[in-house]
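Visitor: Residue numbers (numbering that gives the first Met the number 0), protein chains in the order written: chain A, 0 to 357; chain B, 0 to 308; chain C, 0 to 326.
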Amino acid sequence: MANENNRAVNEFNQQVKPVSLWADAWKRLQKNRMALAGLWITVLFAIVGIAAPVLPIADYQKVETDFINLPPSLKPAGEVALSEASLNIDRIQSRIVEGRNDLLPALEQAKASYDKLKSDLSVKSTANNVYIFGTDYLGRDMLSRTIYGGRISMLIGLIGTITAVLIGVIYGAVSGYLGGRIDNLMMRIVDIMYGLPYMLIVIILMAMFMKEGSSSIFILFIAIALVSWLTQARVVRGQIMSLKNSEFVEAARSMGASTARIIFRHLLPNTLGVIIIFATLSIPSFIMNESFLSFLGLGVSAPLASWGSLVKEGADRMESFPWQLLVPATAMTVFLFAMNFLGDGLRDALDPQSKNRA
Amino acid sequence: MAKFIIRRFVSLIPTMFVIITLSFFLIRIAPGGPFSGEKNMPEQVLANMQKKYHMDEPLMNQYLRYFGDVLKGDFGPSYRYKESTVNELIAGAFPVSIALGSMALALSVIFGISVGIISALRQNRWQDYTAMSVAVIGISVPLFVIGPILQLVFSMKLGWLPIAWGSRRFSEVLWGLLPTVTLSLPFFAYIARLSRASILEVLRADYVRTARAKGLSESVVVAKHVLKGALLPVVSYLGPAFAGIITGSLVVESTFAIPGIGRVFVESALNRDYTLIMAEVIIFSLLLVVMNFLVDIVYGFLDPRIAYK
Amino acid sequence: MTEEVILQVKDLKTYFHTDEGIVKAVDGVSFDLHKGETLGIVGESGSGKSVTNLSIINMIPNPPGRIAGGEVLFGGQDLVKLPIGELRKIRGNKISMIFQDPMTSLNPFLRISTQMIETIVLHQGLDKKAAKAKAIEMLKLAGIPAPEKRIDQYPHQFSGGMRQRVMIAMSLSCNPEILIADEPTSALDVTIQAQILDIIRDLTARLGTAVILITHSLGVVAGMCDTLCVMYAGRIVERGETAEVFGEPKHPYTQGLIKSVPRLDKASGDRLFSIRGQPPNVIDLPDCCPFYPRCDKAMDVCKRKYPATKDTGNRHAVACWLYTEAK
Numbered sequence: 000m001a002n003e004n005n006r007a008v009n010e011f012n013q014q015v016k017p018v019s020l021w022a023d024a025w026k027r028l029q030k031n032r033m034a035l036a037g038l039w040i041t042v043l044f045a046i047v048g049i050a051a052p053v054l055p056i057a058d059y060q061k062v063e064t065d066f067i068n069l070p071p072s073l074k075p076a077g078e079v080a081l082s083e084a085s086l087n088i089d090r091i092q093s094r095i096v097e098g099r100n101d102l103l104p105a106l107e108q109a110k111a112s113y114d115k116l117k118s119d120l121s122v123k124s125t126a127n128n129v130y131i132f133g134t135d136y137l138g139r140d141m142l143s144r145t146i147y148g149g150r151i152s153m154l155i156g157l158i159g160t161i162t163a164v165l166i167g168v169i170y171g172a173v174s175g176y177l178g179g180r181i182d183n184l185m186m187r188i189v190d191i192m193y194g195l196p197y198m199l200i201v202i203i204l205m206a207m208f209m210k211e212g213s214s215s216i217f218i219l220f221i222a223i224a225l226v227s228w229l230t231q232a233r234v235v236r237g238q239i240m241s242l243k244n245s246e247f248v249e250a251a252r253s254m255g256a257s258t259a260r261i262i263f264r265h266l267l268p269n270t271l272g273v274i275i276i277f278a279t280l281s282i283p284s285f286i287m288n289e290s291f292l293s294f295l296g297l298g299v300s301a302p303l304a305s306w307g308s309l310v311k312e313g314a315d316r317m318e319s320f321p322w323q324l325l326v327p328a329t330a331m332t333v334f335l336f337a338m339n340f341l342g343d344g345l346r347d348a349l350d351p352q353s354k355n356r357a
Numbered sequence: 000m001a002k003f004i005i006r007r008f009v010s011l012i013p014t015m016f017v018i019i020t021l022s023f024f025l026i027r028i029a030p031g032g033p034f035s036g037e038k039n040m041p042e043q044v045l046a047n048m049q050k051k052y053h054m055d056e057p058l059m060n061q062y063l064r065y066f067g068d069v070l071k072g073d074f075g076p077s078y079r080y081k082e083s084t085v086n087e088l089i090a091g092a093f094p095v096s097i098a099l100g101s102m103a104l105a106l107s108v109i110f111g112i113s114v115g116i117i118s119a120l121r122q123n124r125w126q127d128y129t130a131m132s133v134a135v136i137g138i139s140v141p142l143f144v145i146g147p148i149l150q151l152v153f154s155m156k157l158g159w160l161p162i163a164w165g166s167r168r169f170s171e172v173l174w175g176l177l178p179t180v181t182l183s184l185p186f187f188a189y190i191a192r193l194s195r196a197s198i199l200e201v202l203r204a205d206y207v208r209t210a211r212a213k214g215l216s217e218s219v220v221v222a223k224h225v226l227k228g229a230l231l232p233v234v235s236y237l238g239p240a241f242a243g244i245i246t247g248s249l250v251v252e253s254t255f256a257i258p259g260i261g262r263v264f265v266e267s268a269l270n271r272d273y274t275l276i277m278a279e280v281i282i283f284s285l286l287l288v289v290m291n292f293l294v295d296i297v298y299g300f301l302d303p304r305i306a307y308k
Numbered sequence: 000m001t002e003e004v005i006l007q008v009k010d011l012k013t014y015f016h017t018d019e020g021i022v023k024a025v026d027g028v029s030f031d032l033h034k035g036e037t038l039g040i041v042g043e044s045g046s047g048k049s050v051t052n053l054s055i056i057n058m059i060p061n062p063p064g065r066i067a068g069g070e071v072l073f074g075g076q077d078l079v080k081l082p083i084g085e086l087r088k089i090r091g092n093k094i095s096m097i098f099q100d101p102m103t104s105l106n107p108f109l110r111i112s113t114q115m116i117e118t119i120v121l122h123q124g125l126d127k128k129a130a131k132a133k134a135i136e137m138l139k140l141a142g143i144p145a146p147e148k149r150i151d152q153y154p155h156q157f158s159g160g161m162r163q164r165v166m167i168a169m170s171l172s173c174n175p176e177i178l179i180a181d182e183p184t185s186a187l188d189v190t191i192q193a194q195i196l197d198i199i200r201d202l203t204a205r206l207g208t209a210v211i212l213i214t215h216s217l218g219v220v221a222g223m224c225d226t227l228c229v230m231y232a233g234r235i236v237e238r239g240e241t242a243e244v245f246g247e248p249k250h251p252y253t254q255g256l257i258k259s260v261p262r263l264d265k266a267s268g269d270r271l272f273s274i275r276g277q278p279p280n281v282i283d284l285p286d287c288c289p290f291y292p293r294c295d296k297a298m299d300v301c302k303r304k305y306p307a308t309k310d311t312g313n314r315h316a317v318a319c320w321l322y323t324e325a326k
């Protein structure tokens, strides 16, 4: 029956709204403020990352020897550099006053470089650049390095996840559906691989196959993806096994559907929920792993940057120039937070067992 | 029950086998490694290697020798440090890491479970929100970010705790505090979340409803009926947690300059000291495998559905 | 069944506050329970029968549910208003409840002895040894073989039917005045169902316990219950003694239910009867008889107002405009 607005109603004129699983999940997700915040932040980061080449930011590779280690500031770089240089002079002077006369030549040097800087800057066009987040030890803009670093990190997260999902889903679905001895064998393999300390293997692979100076991203992808599909496979297999014997599958089978058809058209769509949740939660995991490798010096190499390598550079210098650590660390942390909240929210939203919580 | 234990023990063996074999072949195919015939081989090491691995013999013999050596606990000469054997390099560092790792694990379990219980029982109130926010930080922020930041705050700016490991005995506790807490953070966070979720789920279980219908007070219901089942997943997690502690120790030892095998591993990876790397992998794997085995056994004892038939 | 009323439910209302609206799961339910009586509550899924019983001992999850009105008079007290500390003295002690799924109703991590002893120690103050002896005795009455040995086992070592017997023994161990059994056999095999029902009937008769039995099966009602209440959309539409209601069902819904039961003595080849239509969505139900869209005898007044309850004599009451003058 339909009422004036042509919406389905029952005999009592109560509106009958069909609610699909996804609509229901979306509704639930929207109520979770943290997850929504996570979603928008992730989208924001993604947009900034994709749009990076066209954004009005400095070139992330450009070395500016006059502007090294500048603190974050809204003033033009020239001014900041000069004030840093004069601060340096003051610092040396105060130590000399305390009795360190051996620093007198250093004082002369500092004053000379101050003067040189001043004259250089008057003709420099870049003196008006504003480095909101400061610069690193080569005078490169922290903002753009963080953005470009994010590009790489997010890309790694994405590609790694897609690879892990593809391999894991197919492996898990086949194993779960076929069951029996094939399943046993496939899962034993997973078990053994699970028992291997996987980060260690990744590190070894990186150490062995990375040539000095060349870009090792490709190897990075392979190394990480190689061992990350395991959990996905297990999760998918579990889901498939529990769905395998449900009635709708029996119905499909009784109508003559082939094995492949059953797997792809009936079982997998119902597994999409766990796949999505896992994928959302594994992106931050990949990013952390890559950052870890970069931190150890085995990840992306210069001139490319990733959040991990930026954090490493920052950590080495954090005593004097803390922003070099804090800026990329904060960016990465915020992104990982956002994705984790989003993943959690998705898990709550898609879990049909979740009862009505206040 | 005995069958269960034996079965678990038996499954250790293929894993270790794979690892030892893998390490044998990886050493041999690694570019720049001792067996690749490249020119940048330190002569002394080459001599040692040839003596030890009988490199003129057929591959199969070399493999069996290596296997036998490993089983006896002899990992051969170091590739980079020509004077020392791998065993020497590891022996001193091993206890340090064990101490660090086990303390971190203990901290994370004790605090994780406590916080998880409080959060679950005060769901959606301020205790829950604060605790879970801290937990999310622990999980999202990588160790190598947390470590330096904690160092920055507590050591450099506030001057409360010393920066790195030292050997001054009287302040040994303080030396170890920051790295231990750092290492335990991600696992504390995960355990807190895990126990909270598990308790919440068990609170909705039918058998808890039965307990309430029998007139038991809420504290008895929680202490007696809920906790035992709800904490089982935490026991299961100890296996992967231990693995995480191993990899975490790489970062924490490097950041805080602790002379443990984690730091040795990182340096050996950067130095391409292959024999050392491989030895460490075998040791780590063995630790992991044994730990997983123990966890399985403990779980079997705790879950009556496994313990009794 | 005696004349002494031990439980009076008066106009009980239990509502759930959900995002889609207020679900009036129980909307004005009244009945009396006498000492030793076995009362059946029959209805389809969603009719509110389980919620009614959970409301009696106030085990409604709050949020999102709450008892919105009415009284539950027991032992001189209104259970709705009783503070939780007092209520706990009654639960498991004077009023016990057993649930539908025996596989999940017992704690898998504790021995049966632990689970049974804790109730007895709590409510009857016996020491552990005496409590265990009592528990073993109850298990024996419930038909568990070798109870002295089996009491120390874990739930997973029992079959479904055995577990339900354990639940029955456990719930009766403090000799309650009322046993509420929420579909105790729905999750069991048909062959076991009869055994369990027999045990409930025998034990409660022996101990003098009154029973509220919730079920969707008229067959069970016929075999077990002295009186029955028929529930629909959160309200009781008809109640009375079993033989009376079965013999002369007054409400069209009851008539439909009875007609739906397949009979062996009908000629095969006849279509099975089922009441047309669906039970309503109880969110924001308008003020009308909720059964009218499915009722062959619906009149105009049925759409506009919920019918008053008419006592048609002989303890038989029905809520239907067919028997009451619309004002």
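Even for Gly, the Cβ is constructed at its ideal location relative to N, Cα and C.
Quick caveat: nothing in here was measured; it's all calculated off a predicted structure.
Any C-beta of chain C within less than 8 Å: which residues of the region 193-204 of chain B qualify?
Guide: Per Cβ criterion, the list reads Ala204.
Visitor: According to DSSP, C/Thr13 sits in a beta bridge with which residue or residues?
Guide: C/Val25, C/Ile66
Visitor: Using CA coordinates, which residue listed in C/Ile89, C/Pro278, C/Arg149, C/Pro144 is at the minimum distance from C/Met115?
Guide: C/Arg149
Visitor: Excluding sequence positions up to five away, which residues of its chain have a Cβ less than 7 Å from the Cβ of A/Tyr113?
Guide: Ala84, Ser85, Ile88
Visitor: Quick check on the burial criterion: 16 or more other C-beta atoms within 10 angstroms. Buried or exposed for C/Glu136?
Guide: So C/Glu136 ends up on the exposed side.
Visitor: Is the shortest distance between the beta-carbon of B/Leu151 and the beta-carbons of chain A less than 8 Å?
Guide: So yes, B/Leu151 belongs to the interface.
Visitor: Report the CB separation of B/Ala188 from B/Ala134 in whole angstroms; it is logged as a contact under 8 Å.
Guide: 4 Å
Visitor: Pick helix, strand or coil for B/Tyr128, following the three-state DSSP scheme.
Guide: helix
Visitor: Start and end of the beta strand (DSSP E) containing C/Cys228?
Guide: 226-231
Visitor: Give a yes or no on whether 8 Å exceeds the smallest Cβ distance from B/Arg167 to chain C.
Guide: For B/Arg167, the predicted model reports a pLDDT of 44, less than 50, meaning its position is unreliable; a value from the coordinates is still stated below. Not a single C-beta of chain C is nearer than 8 Å to the C-beta of B/Arg167.
Visitor: Return the chain-ordered ranges of every alpha helix (DSSP H) run that is complete within the region 100-146 of chain B and spans a minimum of 4 residues.
Guide: 125-139
Visitor: For a quick check, are the C-beta atoms of A/Trp306 and A/Met331 less than 8 Å apart?
Guide: yes
Visitor: Could you name the residues of chain C that B/Lys227 contacts, counting a contact when the two beta carbons are closer than 9 Å?
Guide: Asn106, Phe108, Leu109
Visitor: State yes or no: is the beta carbon of B/Ala130 nearer than 8 Å to at least one beta carbon in chain C?
Guide: no
Visitor: At 3 residues or longer, what runs of the beta strand (DSSP E) sit wholly inside the region 196-280 of chain C?
Guide: As far as the region 196-280 of chain C is concerned, its whole beta strand (DSSP E) runs of at least 3 residues are 209-214, 226-231, 234-240.
Visitor: List the residues of chain B whose Cβ lies closer than 8 Å to the Cβ of C/Thr103, in chain order.
Guide: Ala204, Asp205, Tyr206
Visitor: Compute the Euclidean distance between the alpha carbons of C/Glu85 and B/Leu202, then round it to the nearest angstrom.
Guide: Straight-line spacing of the CA atoms in C/Glu85 and B/Leu202 works out to 22 Å.
Visitor: Could you work out which residues of chain B lie near C/Asp100, taking near to mean beta carbons separated by less than 7 Å?
Guide: Asp205
Visitor: I'd like to know whether the C-beta of A/Ile202 is nearer than 8 Å to at least one C-beta of chain B.
Guide: For A/Ile202, at least one C-beta of chain B is nearer than 8 Å to its own C-beta.
Visitor: Spell out whether any CB of chain E is found under 8 Å from the CB atom of B/Lys2.
Guide: Chain labels in this structure do not include chain E; the protein chains are A, B and C.
Visitor: So, is the C-beta of C/Gln156 closer than 8 Å to a C-beta in chain B?
Guide: yes
Visitor: Would you tell me roughly how many angstroms separate the C-alpha atoms of B/Thr84 and B/Glu252, rounded to the nearest one?
Guide: Taken atom to atom, the span from the alpha-carbon of B/Thr84 to that of B/Glu252 is near 22 Å.
Visitor: My output table needs one value for C/Lys302: the three-state DSSP class, helix, strand or coil.
Guide: helix
Visitor: Got a sec: is the Cβ-Cβ distance from C/Leu6 to anything in chain B below 8 Å?
Guide: no
Visitor: In this structure, does DSSP put B/Gly247 in helix, strand or coil?
Guide: helix
Visitor: Could you work out which residues of chain B lie near C/His122, taking near to mean beta carbons separated by less than 8 Å?
Guide: Chain B residues near C/His122: Gly214.
Visitor: Name the one or two DSSP bridge partners that C/Arg90 has.
Guide: Answer is C/Ile94, bridged to C/Arg90.
Visitor: What's the C-alpha gap between B/Ile190 and B/Ile198?
Guide: 12 Å
Visitor: Count the other C-beta atoms from every protein chain shown that fall within 10 angstroms of the C-beta of B/Phe388, then say buried if there are 16 or more, exposed otherwise.
Guide: Residue 388 of chain B lies beyond the stretch modelled for chain B, which goes from 0 to 308, so this question has no answer here.
Visitor: Is any beta-carbon of chain A found at less than 8 Å from that of B/Ile296?
Guide: no
Visitor: Mind checking A/Ser319: buried by the 16 CB within 10 Å criterion, or exposed?
Guide: exposed
Visitor: Quick check: the region 176-186 of chain B against the region 95-106 of chain B, are at least 3 beta-carbon pairs closer than 8 Å?
Guide: yes
Visitor: Indicate whether the contact test is met: 3 or more Cβ pairs, each with one atom in the region 173-182 of chain A and one in the region 231-243 of chain A, closer than 8 Å.
Guide: yes
Visitor: For B/Gly238, collect the residues of the same chain with a Cβ closer than 7 Å to its Cβ; drop the 5 residues on either side in sequence, then sort them by chain order.
Guide: Met290, Asn291, Val294
Visitor: With H, G and I counted as helix, E and B as strand and the rest as coil, what does DSSP make of B/Lys71?
Guide: helix
Visitor: What residue range does the beta strand (DSSP E) around C/Thr311 cover?
Guide: Per DSSP, C/Thr311 belongs to no beta strand (DSSP E) and is neither H nor E.
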